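What follows is one structure encoded as structure tokens, with my remarks underneath.
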Amino acid sequence: MRHILSILLENEPGALSRIVGLFSQRAFNIESLTVAPTDDITLSRITIATRGDDKVLEQIVKQVNKLVDVMKITDLTERKHVERELLLVKVVAINDKSRTEVKRISDIFRGSIVDIGKQIYTIELTGSSDKLNAFLDTLKNETEIIESVRSGCVGIARGEKALRV
Amino acid sequence: MTTEVFSGAEMVVKALSALKVKYIFGYPGGSVLDLYDAIFQQDEIEHILVRHEQAATHMADGYTRATGKVGVVLATSGPGATNCVTGIATAYMDSIPMVVLAGQVPTTLIGNDAFQETDIVGCTRPIIKHSFNCRDLADIPNVIAKAFYIASTGRPGPVVVEIPKDLMLPQNKVPFNIETNVKMRSYNPNIKGHPKQIKKAVKTISEAKKLVIYSGGGIVLADASGLLTTLVETLKAPITNTLMGLGGISGTHENFVGMLGMHGSFEANKTMANADVILALGARFDDRVTNNVEKFCPDATIIHVDIDPTSISKTINAHVPVVGLVDVVMQQLLDELQASNFTPDEEALQKWWQQIHLWRDMRHVGYKQVEGEKIKPQRVVEALYKITNGEAYVASDVGQHQMFAAQYYPFAKPRQWINSGGAGTMGFGLPAAMGAKLAFPNKHVICITGDGSIQMNIQELSTCMQYNLPIVIVALNNRSLGMVRQWQDMVYGGRHSSSYMESLPDFTKIAEAYGHIGIKIDSLDELDSKLEQALSIQNKLVFVDVLVDEKEHVYPMHIRQGAIDDMWVEKGVKA
Numbered sequence: 029m030r031h032i033l034s035i036l037l038e039n040e041p042g043a044l045s046r047i048v049g050l051f052s053q054r055a056f057n058i059e060s061l062t063v064a065p066t067d068d069i070t071l072s073r074i075t076i077a078t079r080g081d082d083k084v085l086e087q088i089v090k091q092v093n094k095l096v097d098v099m100k101i102t103d104l105t106e107r108k109h110v111e112r113e114l115l116l117v118k119v120v121a122i123n124d125k126s127r128t129e130v131k132r133i134s135d136i137f138r139g140s141i142v143d144i145g146k147q148i149y150t151i152e153l154t155g156s157s158d159k160l161n162a163f164l165d166t167l168k169n170e171t172e173i174i175e176s177v178r179s180g181c182v183g184i185a186r187g188e189k190a191l192r193v
Numbered sequence: 003m004t005t006e007v008f009s010g011a012e013m014v015v016k017a018l019s020a021l022k023v024k025y026i027f028g029y030p031g032g033s034v035l036d037l038y039d040a041i042f043q044q045d046e047i048e049h050i051l052v053r054h055e056q057a058a059t060h061m062a063d064g065y066t067r068a069t070g071k072v073g074v075v076l077a078t079s080g081p082g083a084t085n086c087v088t089g090i091a092t093a094y095m096d097s098i099p100m101v102v103l104a105g106q107v108p109t110t111l112i113g114n115d116a117f118q119e120t121d122i123v124g125c126t127r128p129i130i131k132h133s134f135n136c137r138d139l140a141d142i143p144n145v146i147a148k149a150f151y152i153a154s155t156g157r158p159g160p161v162v163v164e165i166p167k168d169l170m171l172p173q174n175k176v177p178f179n180i181e182t183n184v185k186m187r188s189y190n191p192n193i194k195g196h197p198k199q200i201k202k203a204v205k206t207i208s209e210a211k212k213l214v215i216y217s218g219g220g221i222v223l224a225d226a227s228g229l230l231t232t233l234v235e236t237l238k239a240p241i242t243n244t245l246m247g248l249g250g251i252s253g254t255h256e257n258f259v260g261m262l263g264m265h266g267s268f269e270a271n272k273t274m275a276n277a278d279v280i281l282a283l284g285a286r287f288d289d290r291v292t293n294n295v296e297k298f299c300p301d302a303t304i305i306h307v308d309i310d311p312t313s314i315s316k317t318i319n320a321h322v323p324v325v326g327l328v329d330v331v332m333q334q335l336l337d338e339l340q341a342s343n344f345t346p347d348e349e350a351l352q353k354w355w356q357q358i359h360l361w362r363d364m365r366h367v368g369y370k371q372v373e374g375e376k377i378k379p380q381r382v383v384e385a386l387y388k389i390t391n392g393e394a395y396v397a398s399d400v401g402q403h404q405m406f407a408a409q410y411y412p413f414a415k416p417r418q419w420i421n422s423g424g425a426g427t428m429g430f431g432l433p434a435a436m437g438a439k440l441a442f443p444n445k446h447v448i449c450i451t452g453d454g455s456i457q458m459n460i461q462e463l464s465t466c467m468q469y470n471l472p473i474v475i476v477a478l479n480n481r482s483l484g485m486v487r488q489w490q491d492m493v494y495g496g497r498h499s500s501s502y503m504e505s506l507p508d509f510t511k512i513a514e515a516y517g518h519i520g521i522k523i524d525s526l527d528e529l530d531s532k533l534e535q536a537l538s539i540q541n542k543l544v545f546v547d548v549l550v551d552e553k554e555h556v557y558p559m560h561i562r563q564g565a566i567d568d569m570w571v572e573k574g575v576k577a
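From first to last, the protein sequence lines stand for chains A and B. In our numbering, each residue's number is its place in the first sequence (first place is 1) plus 28. In our numbering, each residue's number is its place in the second sequence (first place is 1) plus 2.
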């Protein structure tokens, strides 16, 4: 099963490498990883999308928690949460037909075209990872994807619950 | 008034001194010369110069295992630091508190592939509890204080501190400030067990008909053998120790059924396999204990007490997990037992012990020494036990001799038994024994080793000379890598691929060349008298080279992929 883990940790040099190292050392899976300082710049927040059964997840959570730099870890997928990922994708938009079609699909998915070249459109889209997958699949049917980049997902719990020190 | 200022190097020494460090084990080199200069100019801390940095880590480790105090290692950047890697891994696997100070090239050169530059923090990341890169001169004392705090609290472990050369230059000075009462917002290890879990544990214990206590290295690390003995006597239950936990309860205590696991006693493994409740205290269900986890004690309810949550339900699912310091939790258990008016179920206990005595009487740990034939290695360990009244510190290397030492030298007290259990590091024994001897110069310290292991750090005989460390080295010399050979006999059709030692040196002459005494024993008649002679020499290191039977195997031994009580009990005989 897919899980989204949110980790709050000291914004120290090397802290990220400890997390990444731990996952590789213990053969845990990383589907995506994002990291940035929080509103409190002494803290970083890492979001990791991973897969594993309950036993593996229990070990991942415990092992991450054991790292000295880590303040808190929570499995967002355990309860209601909001999940977002950013996609930038550059596609071939060479004639009227493809331009119209790309624009139409972007609108349906509520993406926006952020750059236009002689033969390309660059589209920005945010949403759940599933939505981004669906968008890319649809685009592929209409035109050629030249390049794409995804941020990896970030997430936050719904309601009052907060991950903070 | 002017505030007194100090260089980074001086501050390292002052910080160590503030943390009550007596010894540093190390080896100088380019990036730490300023630090060595600062060490030269003071006399609070003694530096022990080893002959190889790996030995510095093992010596610090042995010192720590014998005393409980944090060991300190100092190495230069690059190869000096990388030579420490095996010793750091050894300490990590056995949860030994250690602080390794490693030099680094000047900050401006980091990342440039400078001379003797290695990213030691990167190299050691998977084998440390934590590490620090010092980047701020004024911060050095507090980084060192934090390193000690992290190394010695919670589940202990090694901490690496990398200090670049430019931070230690004599011309850059700042005031010295240290906060030894360390607090960290991201690191707060549990201390007490959760009261609900304690109640659950006591209820489970009270309902048990066939309880066994299984304790490990955590008891030794927590200096909790007194409490453990009280708990055992309150519950009147059988107790088994892991290899790391030996001495946690006296090896001659009547409730002690021996070591468990791969080379554990027949009765210990049988007791585990047939128990209805297992109380695990400071042990981690290592694969050398469990054998095949799928077949591990299927009928037992498991109470697992450990300071490290990751150890709980990692390999074996715990029904009653308790996270806390093992000594604190044992006190909580004793209090709760008393509060709930616990009385042992005498009838169930009698039946249980009757069964255990039957297993015990089968006496499956054994060997046959025939007069006139080659000396059996087990016989040597038994002789050492008798001569030292079981009171010596015994450091071992890794292999058959290690298992024979664990089986035939029942340790009365914790910290007497010093061995590399988790990592299985050959070359550990000699420097570890040196660390113990440094701490206890008036006690017998024996290094039980083999002809393979001893050669992995034999250069330290020179350090022993320099610092007058009169340990007794007993090499069970079988001209083979015994444990490898045993597996080749049992699993690989007797094909001894690279497990023999040709061109062995005359160890007694090596010892003599370093200025020590060498004694060779090759017949049973002279074994006891020559060992007595070796142990009676007070002020000189003695290297006793005992030629033993190379065909001897360690038994019992787990049958691979079997249950915990599936064992070979002698050559070709299954239990």
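Idealized CB from N, CA, C, for every residue including glycine. A quick note: this is a predicted structure, and the numbers were derived from the prediction, not measured.
Straight-line measurement puts the Cα of Thr231 of chain B at about 16 Å from the Cα of Ile207 of chain B.
The beta-carbon distance between His60 of chain B and Val96 of chain A, rounded to whole angstroms, is 24 Å. This is too long to meet the 8 Å contact definition. CA-to-CA, the gap between Ala93 of chain B and Gly159 of chain B works out to about 7 Å. Put simply, the CB of Val328 of chain B is far from chain A, with every gap to its CB atoms at 9 Å or more. Between Asp278 of chain B and Thr254 of chain B, the C-beta gap is not smaller than 9 Å, which leaves the two residues out of contact. Secondary structure at Phe137 of chain A: coil, using DSSP grouped into helix, strand and coil.
The Cβ atoms of Tyr216 of chain B and Ile314 of chain B lie no closer than 9 Å to each other. Put simply, the CB of His132 of chain B is near chain A, with a gap under 9 Å to one of its CB atoms.
Residues of chain B with a Cβ closer than 8 Å to the Cβ of Arg46 of chain A are, in chain order, Arg127. For Glu269 of chain B, the enclosing alpha helix (DSSP H) starts and ends at 268-276. A contact between stretches requires three or more CB pairs, one per stretch, nearer than 8 Å, and the stretch 14-22 of chain B fails this requirement with the stretch 126-141 of chain A.
Per the DSSP secondary-structure output, Trp570 of chain B pairs in a beta bridge with B:Met559, B:Lys576. For the stretch 99-110 of chain A, the residues whose beta carbon sits under 7 Å from a beta carbon of chain B are, in order, Met99.
Contact check for Gly28 of chain B against Val52 of chain B passes: the beta carbons are separated by less than 9 Å. Against chain B, the beta carbon of Lys90 of chain A has neighbours under 7 Å at Pro311, Thr312, listed in chain order. Contacts between Val123 of chain B and chain A, judged by CB atoms closer than 8 Å, involve Gly42 in chain order.
Closer than 9 Å to the CB of Arg137 of chain B there is at least one CB belonging to chain A. Within the stretch 170-200 of chain B, the residues whose Cβ lies closer than 7 Å to some Cβ of chain A are Arg187, Ser188, Tyr189, listed in chain order. Contact annotation: in the stretch 137-154 of chain B, residues whose CB is within less than 7 Å of a CB in chain A are Ile152. Listed along chain B, no residue sits closer than 9 Å to Val63 of chain A by beta-carbon distance, the nearest being about 16 Å off. Look at Lys316 of chain B: its C-beta is under 9 Å from a C-beta on chain A. At a cut-off of 9 Å between C-beta atoms, Asn57 of chain A does not count as an interface residue with respect to chain B.
Annotated three-state conformation of Leu76 of chain B is strand, per DSSP. In the structure shown, Ser157 of chain A adopts helical secondary structure according to DSSP, grouped into three states. Under the 8 Å Cβ criterion, the stretch 485-504 of chain B does not count as touching the stretch 431-442 of chain B, having fewer than three qualifying pairs.
Neighbours of Asp97 of chain A in chain B, taken as residues at a C-beta separation under 9 Å, are given in chain order as His132, Ser188, Tyr189.
For the 9 Å CB-CB criterion, Ile122 of chain A and Phe163 of chain A do not form a contact. Going by C-alpha positions, Leu44 of chain A is about 47 Å away from Ala239 of chain B. Val571 of chain B has its alpha-carbon roughly 31 Å from the corresponding atom of Val447 of chain B. Arg381 of chain B has no beta-bridge partner at all, per DSSP. Within chain B, no residue has its beta carbon less than 9 Å from that of Gln147 of chain A; the closest one is some 41 Å off. If you check the CB distance, Asn271 of chain B and Ile566 of chain B come in under 9 Å. In the DSSP annotation of this structure, the continuous segment of the alpha helix (DSSP H) that includes Arg67 of chain B starts and ends at 55-69.
At a cut-off of 3 residues, the continuous stretches assigned as beta strand (DSSP E) that sit fully inside the stretch 434-499 of chain B are 447-452, 474-479. Distance from the CA of Tyr387 of chain B to the CA of Lys212 of chain B, rounded to the nearest whole angstrom, comes to 32 Å.
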